[in-house]
Every structure is written in C-alpha cells, then in structure tokens.
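Each remark here refers to the structure printed beneath this line.
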Amino acid sequence: MKTMNRFFVMFLAVAAFFRAAALEVDALAAKIGTETILKSDVVNEMQRRGEGAEKYAEVLEAMIDHKLILKAALESKMTMQNWVIENRIREIIKKAFGGDRNKLMATLAMQKISYPEWAAKMKEDMIVAAMRWNVIDKNAQASPSEMRKEYEENPSKYSAEKRVTVSVILLKPEDASKRDEIRAMLRDIDFAQLAKRYSADSHAAEGGLWKDVKCEEVFNSAVCKEIAAMPRGTIGQWVEIDGWNFLLRKEDETGGVKRSFLEAYDDIERAVIEKKAKKMYDAWMSRLRKETYVKVY
C-alpha cells in the first residue's frame, strides 16, 4: 500500500510538471547557435523516453549535444543517402510492427506525429550515430597496457560473482517468543522441517532453502553481513529486523574469487573502451560548445 501511495504521488508530481511545462509551450529551454530548444520539446522528449520530471536537465543536455553534433555534421558536409534511411525504416517496421507499415502509421497518428516528421527525426538520429562512430567509437580502442592497468586496479570488479545457498527460518514479530524453543529443537529436528513448520519465509515450503542467490538482491544488508561471517554448514545467530527474526543456515558459497586476466578479458576490454569513449565524448562536446554559442534558460 505504501509503495502504491508513493507511486501515485510521484505520478501526480510528474503529471503536474508536464501540465506546467505545457503552459510554457513557447518558452525557450536553450539556444544553440541559431537553433533553439523549447521547453515543450524537452517535455516531449521526456515523455518519449518515459523519464520523470527529475530528468529534465539531463534530457535537455542530451538534446543540446544532439544539436551540436548535427551542426558539426553539416559543417563537415556529412550526408545520409535516402536509400540508407529507407532501409533502416523497413528494418524497424519489420521488427517492431511485424512488417505492417499501416501499424507504424497508426502508432504515429496516436502520438500525433506525422510520418515526414518522424522520418526526419530518424535521419537526424542516424547522422548523429554516424558522427559519433567517426569521431569516438572507431577510435576508442583498448591497448594491452590499459587493459592490464584496469585489471590490476579493480580486483573486486573482476571477481567471479559471489553467490550463496542458505536456509532460512523467519519468524513474524508476534512469534518472536519461539526463538529459544526453535533453537532447542534444532538439536533433534532437521532445520528444513522446522522451517516448514514455523517459518513465514516465502520459501518455507522448500524447507526455507534459497539456492544459489546473490545475497544483496534477496536479503537485507544485516542478513547478508551475518551470512558472510558464517562458515559453510553452520547455523548463525538470530538476526532481528523491525521485529522480524531470521535464523540462517549457510549451505554453500561460490564465487568471490578473482578471475584470471584471460577469463575477464572481454569485460576488461569493454570497461576500458567505455572509459575512453566517455572521455573522448566529453572532450568532443567541450570543443563543440566552445565553437558554438550555447545558452540554457
């Protein structure tokens, strides 16, 4: 219920933001050389991306970058042949609309976007992607020395993902008084049987078994801390969180060991390329902004 209420409040806030922005349809959001971006343009882009009001500044910055790259493409006389655009549109229609062009047209009509407007936006996106490839992507390569440095400086990043198998008995707040009784019964009764009998955990029917899970994705940090300190095959202490009581048995643990350079090669290469590409992109945008008048309102 609390989650639903928070979602409803957030929805109202986003809706209010869009309504307020709609009242300023002609208000300038930014000026890039002779080009302009209206606040309504930013709102439309946010809606297209499914972003909330808190992303306004981030989306506007991306739109400014987009304009700067298009300007650079024009100055470099980059062209995009119509047949290339048409091929891309056919791919989209095939993959997203089952090959039915009428479905695309119906979707555009629902969004109140004309086909020429959509096709022009598609062309712009393709030009921006081509410019980025020429300036950034084809030049962002990972050298052996850079990869070795990345590997040695980030050991935890290239460790095998740690996963655990644990059994859990979870007592509701009103059943906390049963803690000592359950602990005593463990001398004679199997943990799984007691979990089936007393646990309020969602895996109680399976004897409380959580098999091969990433701890932080399943349990509270306090529970994960207890699990990390436990040797395999042991039962820990009761962990109380907001009145709920957890008793844990650690069955198994895998991963957490640093992968060899060769095992992690693809991930290392990807990380180096991403870092270099971001650095190159930031430098590129900085240069373009120095060459063009940019003002954010």
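For the sequence shown, our numbering begins at 1 and goes up steadily by one. In this text, a Cβ means the ideal position worked out from N, Cα and C, and glycines have one as well.
Spatially closest choice to Thr234 from Glu206, Ala204, Asp190, by CA coordinates: Asp190
Do the CB positions of Leu248 and Ile227 come within less than 8 Å of each other? When the beta-carbon positions are compared, Leu248 and Ile227 come within less than 8 Å of each other.
Measure the Cβ-Cβ separation of Val213 and Arg163 and say whether it is below 8 Å. yes
Option in Lys103, Ala29, Ala130, Pro155 with minimal Cα separation from Leu74: Ala130
Near Phe97, what residues of its chain come up, given a Cβ to Cβ distance below 6 Å and the 5 sequence neighbours on each side ignored? Lys103, Leu104
Arg197 by DSSP, collapsed to three states: which one? helix
Contiguous beta strand (DSSP E) assignments of at least 3 residues, all confined to the region 107-152: none
What residue range does the beta strand (DSSP E) around Ile37 cover? 35-38
Whole beta strand (DSSP E) elements within the region 264-297, 3-residue minimum: For the region 264-297, whole beta strand (DSSP E) runs of length 3 or above, ordered along the chain, are 294-296.
Counting Cβ pairs closer than 8 Å, one from the region 202-213 and one from the region 163-179, do we hit at least three? yes
Where the alpha helix (DSSP H) containing Trp83 begins and where it ends: Annotation for Trp83: the continuous alpha helix (DSSP H) segment containing it runs 82-96.
Taking the CB atoms as reference points, tell me whether Arg179 and Trp238 lie closer together than 8 Å. yes
Are the region 253-272 and the region 146-163 touching by the rule of at least three beta carbon pairs closer than 8 Å? As far as the Cβ criterion goes, the region 253-272 touches the region 146-163, which means the pair count is three or higher.
Enclosing beta strand (DSSP E) for Lys162 [first to last residue]: Element bounds for Lys162: n/a, residue is neither H nor E.
Please confirm whether Ile136 and Tyr281 have their CB atoms less than 8 Å apart. Contact annotation: Ile136 and Tyr281 have beta-carbon atoms nearer than 8 Å.
Could you compute how far the alpha carbon of Glu181 sits from the alpha carbon of Arg49? Their backbone Cα atoms lie some 55 Å apart in a straight line.
On the DSSP letters alone, give me the boundaries of the alpha helix (DSSP H) that Glu253 sits inside. Run containing Glu253: none in the alpha helix (DSSP H); it sits in the beta strand (DSSP E), 244-254.
So what's Ala30 in DSSP terms, helix, strand or just coil? strand
Anyone know if the C-beta pair for Ala142 and Asn245 falls short of 8 Å? no
For the alpha helix (DSSP H) containing Asp180, name the first residue and the last one. 179-185
Assuming Ile169 contacts Ser199 under a Cβ cut-off of 8 Å, what Cβ separation, rounded to an integer in Å, is found between them? 5 Å
Close-in-space but distant-in-sequence residues of the same chain around Gly255 (CB under 6 Å, 5 per side omitted): Ala160, Glu161, Lys162, Arg163
With DSSP as the reference, please indicate the residues paired to Ala209 in a beta bridge. Rather than Ala, the amino acid found at residue 209 in this sequence is Leu. Answer by DSSP bridge pairing, in chain order: Ser167.
Span of the beta strand (DSSP E), counted from its first residue to its last, around Val239: Boundaries of the beta strand (DSSP E) harbouring Val239: 239-241, taken from the DSSP string.
Is Ile189 helix, strand or coil by DSSP? The answer is coil: DSSP assigns Ile189 none of H, G, I, E or B.
Kindly indicate which three-state DSSP category Lys77 falls into: helix, strand or coil? In this structure, Lys77 counts as coil in the three-state DSSP scheme.
Euclidean distance between Cα positions of Lys290 and Glu146: 30 Å
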